[in-house]
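Peer 1: One gets this note's numbering by counting positions in the sequence shown from 1 and adding 7 to each.
From the three backbone atoms N, C-alpha and C, an ideal C-beta is built for every residue, glycine too.
Below is a structure I'd like to ask you about.
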Amino acid sequence: MNKSLEKAHIIVLNGKNEGTKIECRFNPTEYRIQRSVTYSENASKLDSPEPQFNKSNPDILTMELFFDTTDDESDVRKYTDGIDSLLEIDGELHAPPACRFVWGGGIDFPAVVTNADKRFTRFLPNGIPVRARANVTFREYKTASYQKSSIKHESTDKMKVWTVTEGDTLWLIGQEEYGDPSHWRTIAEANDIENPRSLEPGTKLALPPL
């Protein structure tokens, strides 16, 4: 069964151009998604201290977009200018707008554009460009409200007590008890801990419910 070709496009999510659709003209031949997390070294006398999870980083989407208007001899910048607009400061937002890269049912990526490297390779006799390639970098975009609603923290509804053993850290305890290492602050505040890196084995910590 033949399926109609779905064109990739970019939709502006906010600002004065909210809802604007930027056509990609041609679908990309490939794209890359980079996912990473950040670790820091926990203070330890060991030669190889256990890495301490710090945070998850936003996904990075990169691709090359191809634009060609040779057939109608129009200025190809009518397409590349749309990409540039995603890097320009919006008067309503005081920052560049967020967007979504959409390609059928294959990818729907909310992001901000952090880089667009354009190369014009074909011109009319009067110098107007009719062919261009743009290497575009999208950085994953999630609002604070979305991130809070998508993270589910679980804990008991009663105060618990944790006895510190060798190698324990507030980050590890937060991950074990609440499913989120960032809750080390909850534990530190509940126990009046000023230096979260200094935990004595045998210490009993109160773990409050969220």
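(1) Exposed or buried, which one is I40 when buried takes at least 16 other CB atoms within 10 Å?
(2) Given a cut-off of 8 Å, decide if F108 and A6 are closer than it, judged by their beta-carbon atoms.
(3) Does S43 come out as helix, strand or coil in the three-state DSSP assignment?
(4) Please report how far the alpha carbon of E95 lies from the alpha carbon of L72, in whole angstroms.
(5) Here's a check: name, in chain order, each residue in its chain whose Cβ is nearer than 8 Å to the Cβ of N202, leaving out the five neighbours to either side.
(6) Taking one C-beta from the stretch 98-114 and one from the stretch 19-33 each time, how about it: are there three or more such pairs within less than 8 Å?
(7) Would you mind giving the Cβ-Cβ distance between T170 and L206, rounded to the nearest angstrom? I have them listed as a contact below 8 Å.
(8) At which residues does the alpha helix (DSSP H) containing S92 begin and terminate?
(9) Quick check on Y46: buried or exposed, where buried means 16 or more other Cβ atoms within 10 Å of its Cβ?
(10) Identify whether A121 lies in helix, strand or coil by the three-state DSSP scheme.
Peer 2: In short, the structure shows the following:
(1) If you draw a 10 Å sphere on the C-beta of I40, you find fewer than 16 other C-beta atoms in it, and that means exposed.
(2) The chain is shown only over 8 to 217; residue 6 falls outside these bounds and no answer can be derived.
(3) DSSP places S43 in coil when its eight states are reduced to three.
(4) Rounded to the nearest angstrom, the two C-alpha atoms are 19 Å apart.
(5) Correct list: empty, nothing qualifies.
(6) Because the criterion of three Cβ pairs below 8 Å is met, the stretch 98-114 and the stretch 19-33 touch.
(7) Actually they are not in contact, since the Cβ atoms of T170 and L206 sit about 11 Å apart, beyond 8 Å.
(8) Its alpha helix (DSSP H) spans residues 84-92.
(9) By the 10 Å Cβ count, Y46 comes out exposed.
(10) Per the sequence presented here, residue 121 reads as Thr, with Ala not at that position. The three-state secondary structure of T121, taken from DSSP, is strand.
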